[in-house]
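First up is the structure itself, then whatever we jot down about it.
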Amino acid sequence: MKLSVTVQYKAKLAHYSIRQETSGVYLATLEQYEGPFSEAPPAKIMLVKGFRRWAGSFEHQDILNDLGRAIDISLGKEHTKDNLRENSTKFPSGN
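Positions 79 to 173 (this note's numbering) are the ones given, in order, by the sequence shown.
See below:
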């Protein structure tokens, strides 16, 4: 899974690409920040899904939640696609 996500940081947009490192662990890499370099968020953020929220290597929970929400949505879509594929093989259309 590779995902592109845009989040807001200090009233500017930060564009991250996210990939899965291992089961339940993701790496977000900053691709572009539309503000001053000196105010940019971290270039890399490790994300781990906690019990109730996403945790990571960055102290701003809002960004962790936004990145994590994008992962959740993406995984939900992939899970749905997998279920549709699985169900179509179980219940083939026919006459």
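Even glycine gets a Cβ: it sits at the ideal position worked out from N, Cα and C.
On a predicted model such as this, the values are computed, not experimentally measured, just so you know.
* To do: Identify whether residue 147 lies in helix, strand or coil by the three-state DSSP scheme.
  => In this structure, residue 147 counts as helix in the three-state DSSP scheme.
* Compare the Cα-Cα distances from residue 115 to each of 101, 90, 142, 128 and report the closest residue. => It is 90.
* Exposed or buried, which one is residue 92 when buried takes at least 16 other CB atoms within 10 Å? -> Around the CB of residue 92, 16 or more other CB atoms lie within 10 Å, so the residue is classed as buried.
* Output yes or no for whether 8 Å exceeds the beta carbon distance between residue 85 and residue 144. => Yes; because the gap between Cβ atoms is below 8 Å, this pair is in contact.
* For residue 113, the residue or residues it bridges with in DSSP -> Paired residue(s): none; residue 113 is not in a bridge.
* What do you reckon, are the CB atoms on residue 121 and residue 142 nearer than 8 Å? -> Cβ atoms of residue 121 and residue 142: not closer than 8 Å.
* Determine the extent of the beta strand (DSSP E) in which residue 97 is found, giving its start and end residues. => Unbroken beta strand (DSSP E) run through residue 97: 90 to 100.
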